[in-house]
Amino acid sequence: MEYHIKKSERVYQGFFAMDRHTVEHDRFDGGSLTVTRENMERGDAAALLLYDPNADEVLLLEQFRIGPVLRNDNPWLVEIVAGIIDKGENAEEAVIRESREEAGFIPYETKFLGRYYTTPGGCSERIDLFLGLVDKNSPVGDGGGCDHEYEDIRLAWVSRQEALDMLDEGRIASGAPMLALLLAFGWKGVVGEED
Numbered sequence: 020m021e022y023h024i025k026k027s028e029r030v031y032q033g034f035f036a037m038d039r040h041t042v043e044h045d046r047f048d049g050g051s052l053t054v055t056r057e058n059m060e061r062g063d064a065a066a067l068l069l070y071d072p073n074a075d076e077v078l079l080l081e082q083f084r085i086g087p088v089l090r091n092d093n094p095w096l097v098e099i100v101a102g103i104i105d106k107g108e109n110a111e112e113a114v115i116r117e118s119r120e121e122a123g124f125i126p127y128e129t130k131f132l133g134r135y136y137t138t139p140g141g142c143s144e145r146i147d148l149f150l151g152l153v154d155k156n157s158p159v160g161d162g163g164g165c166d167h168e169y170e171d172i173r174l175a176w177v178s179r180q181e182a183l184d185m186l187d188e189g190r191i192a193s194g195a196p197m198l199a200l201l202l203a204f205g206w207k208g209v210v211g212e213e214d
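Okay, so the sequence shown: first residue is 20 according to the numbering used here, each after it adds one.
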């Protein structure tokens with residue numbers, strides 16, 4: 020299967036960029052198709068679930084997000100450390116920097132959990148997920164985010180089980196913490212469950 024980008028143009032540039040691409044790609048039936056698609060470009064990101072294995076607790080962050088406002092949902096989302104990978108950084112360096120800024124911790128060990136596209140139908144952003152091991156009693160700062168980035172972050176240590184319960188009850192509505200918890204700690208299946 021092959022594709023060819025026939026035309027690309029920038030249609031918006033702000034905090035994010037929007038590009039319009041005309042692409043010809045192979046079809047599964049052997050033919051080809053030419054389509055025009057818009058793609059939001061924001062760069063790649065990395066996210067980190069902080070975990071204290073001695074306390075068996077994870078650090079969750081809560082902050083305001085504009086997306087849920089537009090759906091009349093609660094805009095204060097439960098999340099994990101995350102941020103855009105700056106030029107010259109790799110994903111692990113980015114999450115360690117973000118961990119210091121947002122949570123006040125530097126992990127003594129990081130473990131790669133996986134990589135995923137957030138919304139591949141309209142955005143090229145890819146997120147690398149990590150688990151970061153820390154001692155909750157040894158912060159290196161206050162966390163809470165950076166004033167110059169207009170961040171206002173509340174931090175809460177919760178037991179691993181409480182975090183999984185929050186996931187099960189729908190109190191975590193953001194993809195990165197959902198996937199990080201599932202990849203780090205596993206999850207019960209729903210197929211074949213008795214009601």
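Positions of the beta carbon are idealized from the N, C-alpha and C atoms, including for glycine.
Cβ neighbour criterion (16 or more within 10 Å) applied to F47: exposed
Can you find the residues in the same chain that come closer than 6 Å, C-beta to C-beta, to D147, ignoring five residues on each side of it along the sequence? A65, A110, R134
So, is G102 buried or exposed, given that buried needs 16 or more other C-beta atoms within 10 angstroms? buried
Buried or exposed for D214, please, with buried defined as at least 16 other CB atoms from any protein chain shown within 10 angstroms of its CB. Any reading at D214 must be qualified, since the residue scores a pLDDT of 49, below 50, and its modelled position is unreliable; the value itself is stated next. Per the 10 Å Cβ criterion, exposed.
Any idea what DSSP makes of A66, helix, strand or coil? strand
So, for A36: in the same chain, excluding its five sequence neighbours on each side, which residues have a beta-carbon less than 8 Å away from its beta-carbon? R29, M59, E60, R61
What is the DSSP secondary structure of V114, counted as helix, strand or coil? helix
Name, in chain order, the residues that DSSP records as bridge partners for V43. The sequence as given places Glu at residue 43; Val does not occur at that position. DSSP, once it has assigned bridges, lists H23, T53 as partnering E43.
Could you name the residues that DSSP lists as bridge partners for T137? Bridge partners of T137: none, in fact.
From the DSSP secondary-structure annotation, give me the bridge partner or partners of R61. R61 is not bridged to any residue.
Please state the DSSP three-state secondary structure of V88. helix
Selected residue, minimal CA-CA separation from D75, among I85, L174, A182: A182
Kindly indicate the opening and closing residues of the alpha helix (DSSP H) around E181. 179 to 187 is the span of the alpha helix (DSSP H), which, as asked, contains E181.
To the nearest angstrom, report how far apart S9 and D154 are at their CA atoms. Since the first residue of the chain shown is 20 and the last is 214, residue 9 is not available in this structure.
According to DSSP, is A36 part of a helix, a strand, or is it coil? It is a strand residue.
Assign A175 to one of three DSSP states: helix, strand, or coil. strand
Coil, strand or helix - E108 by DSSP: coil
What whole-angstrom Cβ distance do F149 and L132 have, given they're in contact under 8 Å? In this structure F149 is in contact with L132, their Cβ atoms being roughly 6 Å apart against a cut-off of 8 Å.
Could you have a look at E120 and say whether DSSP puts it in helix, strand or coil? helix
Between the CA atoms of G160 and D105 - distance to the nearest angstrom: Straight-line Cα distance between these residues: approximately 21 Å.
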